[in-house]
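In terms of this note's numbering, the sequence shown has 90 at position 84, counting the first letter as 1, and numbering is strictly consecutive. Right, one structure below, let's go through it.
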Amino acid sequence: MLNKLTITELSSKLRKKEISSTELVSACLNEIKKSDSKINAFLEVFEQDALKQAQEIDNKKDLKPLEGIPIAIKDLILVKDKKNTCGSKILENYIASYDATVIKNLKEAGMIILGKTNCDEFAMGSSTETSAFKKTVNPLDQTRVPGGSSGGSAAAVAANFVPVALGSDTGGSVRQPAAFCGIYGLKPTYGRVSRFGLGALASSFDTIGPMARSAEDCAWVFSVIAGSDTKDATCSTDAAPELIHHTFPQIKGLKIGLPKESLGKGINEEIKEKFDQALQKLEKLGAKIEEISLPHSKYALAVYYILMPAEASANLARYDGVRYGFSAHANSLIENYLETRSQGFGNEAKRRIILGTYTLSAGYYDAYYKKAQQVRTKVIEDYNKIFEKVDLLATPTTPTTAFKLGEKIDDPLAMYMGDILTVSANVAGVPAISIPCGFDKQKLPIGLQLTADHFEEMKLLQAAKAYEVLE
Ligand code: GLN
């Protein structure tokens, strides 16, 4: 079945003309037609455009490595002339007037944008349940969430609708749904991939990353989307890494640190068990494992949930019903602002706007926002120090496996606590990957998270590939 193959396999078949891009795209479309009415991964599928592009590619003689391969895009990343809702009613009919830089890069590489995937509203959530449009379910157990906020992208890959998808990760939204759906998800270094054209949640944390069926597939797409971009002032000016030619399995001799603060209570026993087995495998592959300490990481979740809403409240101020998006009918300008935002935003967005505005307000700024920034620096210093001693860090990706639909949606604190193992990498700006490492007794997938120093994605992907070969 073509839909189950990796990019590496598909690329070789396409270039040898053993399969056509039209066949591949049709296979994906058929699978979507068959099952997406149950999974709800996509908000929109670009059937005609995709088939047309595939046909043009099939008429060409020499193909670039990723040419003719379909990809799904989280509906937070702008694709020119297509709707971009960010999962929110306030952007329900918003049509993007330009391509995000990552989309421009994918198009130049010849990839086929197959559709836009469902996500939590403005990427706020861990279950995709805050989307204003539909509830995506986990393809491995349809009574459970796919994770979030890039849940549609994870489900699209896990349900064999596409070989790869893009997600965004501000506090774990690529890695956690990857873990819940049993696939690979890479969160790059902050600034390694341009954010131009990404709907902003928290601008000092936001990253865009690939979600796929193998570490190498993540490397393929990462090497296309990474690189400098003058349109994003925080984007690194270094050239994109020529990763794919170097993504051979390599782990021997690497020092892997186990942050003792991350492995305490709150992590489900079966996950601990599988994590221990994963460590044994890493040792067998020649890695040296040692316990280390990141003393300030215990504050990372609190830091994240102060700074992220502060940035989100500022970013969401632009949705005022005047410039673009939904606009409520009203008799005065102020009433128009109030009605547009009251009707347009869902509960989670409103909660974060209120929290963020509060911590930025004159009387509380020093106590919350400024203090959290100071502690953020401490967390970053911990990582800088530890990466002088070890190459990678290992933890589980999540404290639990995929939970039931509806289980946490009315308990925001419980939902936020689930991000405890992923947010630190965003607070520090370092890259991290989630790798499938087995299943619990209910046959739900478990993720192993590896974290590296800034701009060391190659080390992460090589280690992930070595682990994958052994699995
Ligand atoms: N679950 C986290 C939150 O709700 C992370 C979201 C994300 O990475 N976009 O903020």
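Virtual Cβ for every residue (Gly too), placed ideally from N, Cα, C. Only a predicted model underlies this, so the values are computations on that prediction, with no experimental measurement involved.
N-terminal and C-terminal residue of the alpha helix (DSSP H) that residue i is part of
i       : result
Asp-388 : 377-395
Val-494 : The first residue shown for the chain is 7 and the last is 477, placing residue 494 beyond what the model contains.
Phe-281 : 275-290
Leu-467 : 463-476
Leu-313 : 306-321
Leu-16  : 13-21
Val-429 : 429-434
Ala-161 : 157-164
Residue i to residue j span [Cα, whole Å]
i       : j       : result
Ile-231 : Ile-359 : 30 angstroms
Asp-5   : Gly-131 : With the chain running from 7 to 477 in the structure shown, residue 5 is simply not present.
Lys-266 : Ala-431 : 16 angstroms
Leu-288 : Tyr-473 : 7 angstroms
Lys-290 : Ala-246 : 32 angstroms
Leu-427 : Cys-187 : 17 angstroms
Leu-366 : Asp-372 : 9 angstroms
Met-3   : Asn-144 : In this structure the chain extends from 7 to 477, so residue 3 is not present and cannot be described.
Asn-342 : Glu-15  : 53 angstroms
Ala-293 : Leu-476 : 13 angstroms
Ile-63  : Ile-262 : 44 angstroms
Thr-401 : Ile-277 : 10 angstroms
Ser-18  : Pro-71  : 8 angstroms
Contact belief for residue i with residue j at Cβ below 8 angstroms, rounded distance in angstroms
i       : j       : result
Thr-176 : Ala-129 : 6 angstroms
Glu-135 : Ile-415 : 5 angstroms
Lys-86  : Tyr-104 : 6 angstroms
Ala-171 : Ala-320 : Rounded, the Cβ-Cβ distance is 28 angstroms, inconsistent with contact.
Ala-334 : Glu-345 : 4 angstroms
Ser-234 : Cys-241 : 6 angstroms
Thr-142 : Ala-47  : 6 angstroms
Tyr-311 : Tyr-422 : 6 angstroms
Gly-352 : Glu-73  : Actually they do not touch by this definition, with Cβ atoms about 39 angstroms apart.
Ile-439 : Gly-191 : 7 angstroms
As assigned by DSSP and simplified to three states, the class of residue i
i       : result
Gln-59  : helix
Gln-455 : strand
Lys-414 : coil
Cys-92  : coil
Cys-443 : strand
Gly-259 : coil
Tyr-370 : coil
Tyr-343 : helix
Asn-111 : helix
Tyr-190 : strand
Gly-362 : helix
Leu-84  : coil
Lys-122 : strand
Glu-267 : helix
Asn-353 : helix
Glu-127 : helix
Lys-294 : strand
Ala-438 : strand
Leu-97  : helix
Asn-9   : helix
Leu-204 : strand
Spatial neighbours of residue i in its chain, beta-carbon cut-off 7 angstroms, leaving aside the 5 residues before and after
i       : result
His-302 : Val-381, Lys-384, Val-385, Asp-388
Pro-194 : Thr-213, Gly-215, Phe-228, Ala-232, Pro-437, Glu-463
Gln-61  : Thr-28
Glu-509 : Outside the displayed span of the chain (7 to 477) sits residue 509, for which this structure offers no information.
Same chain, Cβ closer than 6 angstroms to residue i, five either side skipped, listed in chain order
i       : result
Leu-454 : Ala-284, Ile-441, Cys-443
Val-309 : Ala-378, Val-381, Arg-382, Val-433
Glu-37  : Asn-9, Asn-166, Phe-167
Ser-133 : Val-151, Gly-154
Ala-33  : Leu-8, Asn-9
Pro-76  : Val-31, Cys-34, Ile-118, Leu-120, Val-168
Gly-424 : Ser-132
Glu-297 : Leu-264, Lys-266
Leu-450 : Thr-407, Ala-408
First and last residue of the uninterrupted beta strand (DSSP E) at residue i
i       : result
Asp-175 : 170-175
Thr-213 : 213-218
Glu-37  : Segment 27-45 is the alpha helix (DSSP H) holding Glu-37; no beta strand (DSSP E) there.
Val-51  : 48-51
Ala-245 : Neither: Ala-245 is in no beta strand (DSSP E) and is coded neither H nor E.
Leu-69  : Unbroken run through Leu-69: none, as it is neither H nor E.
Thr-401 : 398-402
Chain-order list of residues whose beta-carbon lies under 8 angstroms from that of residue i (same chain, five-residue window excluded)
i       : result
Arg-329 : none
Lys-140 : Asn-46, Leu-49, Asn-124
Pro-418 : Glu-354, Arg-357
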